[in-house]
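A.B. asks: Chains as they are written, first to last, in the numbering used here: chain A, 16 to 143; chain B, 16 to 143.
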DNA sequence: CTTTATCTACTACCTGGGTAGTATTACCGC
DNA sequence: GCGGTAATACTACCCAGGTAGTAGATAAAG
């Protein structure tokens with residue numbers, strides 16, 4: 016079951032995960048660089064964060080020379096899903112339609128996006 | 016601009032807000048009762064939370080006898096929107112279609128819900 | 001071999017959510 | 001008036017995210 020509580024990732028943690036998902040793996044330096052390379056965040060901040068994230072089971076590391084190479088321990092799908100579901104449940108009692116309704120009425124949605132959605136739903140309806 | 020940072024509400028805070036949105040206002044006792052009345056949460060927990068929330072600008076209170084009557088200081092729409100947008104931006108770079116795609120492919124969606132969505136989009140397309 | 005750059009480890013601090021006990025105040029019934 | 005009750009205020013924790021400095025180890029450069 017792996018109740019990893021995969022929702023509730025902070026902004027920074029998510030950014031880090033995204034880097035790792037994209038690259039497959041990466042050292043602290045890699046991640047640091049990918050996130051703007053020091054202008055915003057200290058190197059040690061990334062290092063600390065990665066260590067904390069490993070303790071929480073979000074990433075794993077192997078040793079390469081004197082560097083740690085981190086790689087994701089949870090898939091992007093699981094996280095995305097966990098967070099989406101969490102929001103959906105908290106705000107819309109699980110109703111996808113309610114969420115979409117809300118987004119459609121409070122957001123600017125381009126005609127292209129609407130068409131894309133239409134197609135998605137048609138597709139889904141067919142295969143269900 | 017009112018940078019109230021209306022996203023990032025904790026679970027309990029959201030529950031409390033929901034009670035207040037529904038009732039219009041309420042005392043600590045009202046909220047406490049609405050949330051199960053002590054089986055889960057201590058009375059003082061709600062009181063503390065409401066005080067903290069007032070400090071953050073989420074609710075306001077007026078005095079009625081010796082009781083505080085709290086009422087929402089932010090609308091449910093603003094919060095819902097703030098949180099949805101936050102997630103949308105963090106996970107899907109703002110693409111509504113991507114979010115829906117994800118939800119459609121990872122969730123069970125009933126045929127009824129699909130039809131509802133279809134209708135929503137058609138409606139929206141017309142009025143845009 | 002010594003200096004320097006590069007790693008990780010450790011520690012510390014701040015913020016905010018969550019939880020609740022204890023203290024104090026004030027009203028209400030007798 | 002007095003005791004109980006119900007209300008807020010205060011204080012204190014714990015946890016997790018975020019941020020970063022400092023220390024210690026080690027490899028690379030000279």
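We put the CB at the ideal spot given by N, CA and C, even for glycine.
Would you call the region 131–142 of chain A and the region 23–33 of chain B touching, i.e. three or more CB-CB distances under 8 Å?
C.D. replies: Result no; under three Cβ-Cβ pairs closer than 8 Å.
A.B. asks: How would you write the range of the alpha helix (DSSP H) that residue 82(B) sits in, first residue to last?
C.D. replies: Note, residue 82(B): premise wrong, no alpha helix (DSSP H); beta strand (DSSP E) at 82–87.
A.B. asks: Just to make sure I have the definition right: I need the residues of chain A whose C-beta is within less than 8 Å of the C-beta of residue 128(B). Which are they?
C.D. replies: Neighbours of residue 128(B) on chain A, chain order: 110, 111, 112.
A.B. asks: How far does the alpha helix (DSSP H) with residue 47(A) in it extend, from its first residue to its last?
C.D. replies: Segment 43–49, the alpha helix (DSSP H) holding residue 47(A).
A.B. asks: Using 8 Å as the cut-off, can you tell me whether the region 92–104 of chain A makes contact with the region 47–54 of chain A, which would need three or more C-beta pairs spanning the two stretches below that distance?
C.D. replies: With the cut-off at 8 Å, the region 92–104 of chain A and the region 47–54 of chain A do not touch.
A.B. asks: Please list the segments of the beta strand (DSSP E) lying wholly inside the region 76–127 of chain B, counting only runs of 3 or more residues, in order along the chain.
C.D. replies: Qualifying beta strand (DSSP E) stretches, in chain order: 82–87.
A.B. asks: Check residue 74(B) in the structure and name its three-state DSSP category.
C.D. replies: DSSP places residue 74(B) in strand when its eight states are reduced to three.
A.B. asks: Name the chain B residues whose beta carbon is nearer than 7 Å to that of residue 115(A)?
C.D. replies: Result: 115, 132, 135.
A.B. asks: Within 10 angstroms of the Cβ of residue 78(B), are there 16 or more other Cβ atoms? Answer buried if so, exposed if not.
C.D. replies: By the neighbour-count rule (16 or more Cβ atoms within 10 Å), residue 78(B) is not buried but exposed.
A.B. asks: By Cβ distance below 6 Å, which residues in the same chain neighbour residue 82(A) in space, the five residues on each side in sequence not counted?
C.D. replies: Excluding positions up to five away in sequence, the list reads 42.
A.B. asks: Measure how close the beta-carbons of residue 84(A) and residue 73(A) come, nearest whole angstrom, since I'm counting them as under 8 Å.
C.D. replies: Rounded, the Cβ-Cβ distance is 15 Å, inconsistent with contact.
A.B. asks: Nearest-angstrom Cα distance between residue 64(B) and residue 114(B)?
C.D. replies: Computed Cα separation, rounded: 32 Å.
A.B. asks: Using a cut-off of 7 Å between C-beta atoms, extract the partners of residue 98(B) located in chain A.
C.D. replies: Within 7 Å Cβ-Cβ: 102, 106.
A.B. asks: Cβ of residue 118(A) less than 8 Å from any chain B Cβ?
C.D. replies: Cβ-Cβ to chain B under 8 Å: yes for residue 118(A).
A.B. asks: For a test of the three-state rule: what should DSSP assign to residue 34(A), helix, strand or coil?
C.D. replies: If DSSP states are grouped into helix, strand and coil, residue 34(A) belongs with the helices.
A.B. asks: Work out the CA separation of residue 62(B) and residue 33(B) for me, nearest whole Å.
C.D. replies: Each residue's alpha carbon lies about 16 Å from the other.
A.B. asks: How would you call residue 20(A), buried or exposed, if buried means at least 16 neighbouring beta carbons within 10 angstroms?
C.D. replies: Its Cβ having fewer than 16 others within 10 Å, residue 20(A) is exposed.
A.B. asks: Answer with yes or no whether the minimum CB distance from residue 35(B) to chain A is below 8 Å.
C.D. replies: Output row for residue 35(B): interface = no.
A.B. asks: Can you tell me which of the three DSSP states residue 131(B) falls into?
C.D. replies: The answer is helix: DSSP assigns residue 131(B) an H, G or I state.
A.B. asks: For a test of the three-state rule: what should DSSP assign to residue 23(B), helix, strand or coil?
C.D. replies: Coil, per DSSP.
A.B. asks: Where residue 161(A) and residue 45(A) are concerned, what is the direct C-alpha to C-alpha distance, given to the nearest angstrom?
C.D. replies: It is not possible to answer for residue 161(A), since the shown part of chain A is limited to 16 through 143.
A.B. asks: Comparing C-alpha positions only, which one of 110(A), 92(A), 124(A), 108(A) sits nearest to residue 121(B)?
C.D. replies: It is 92(A).
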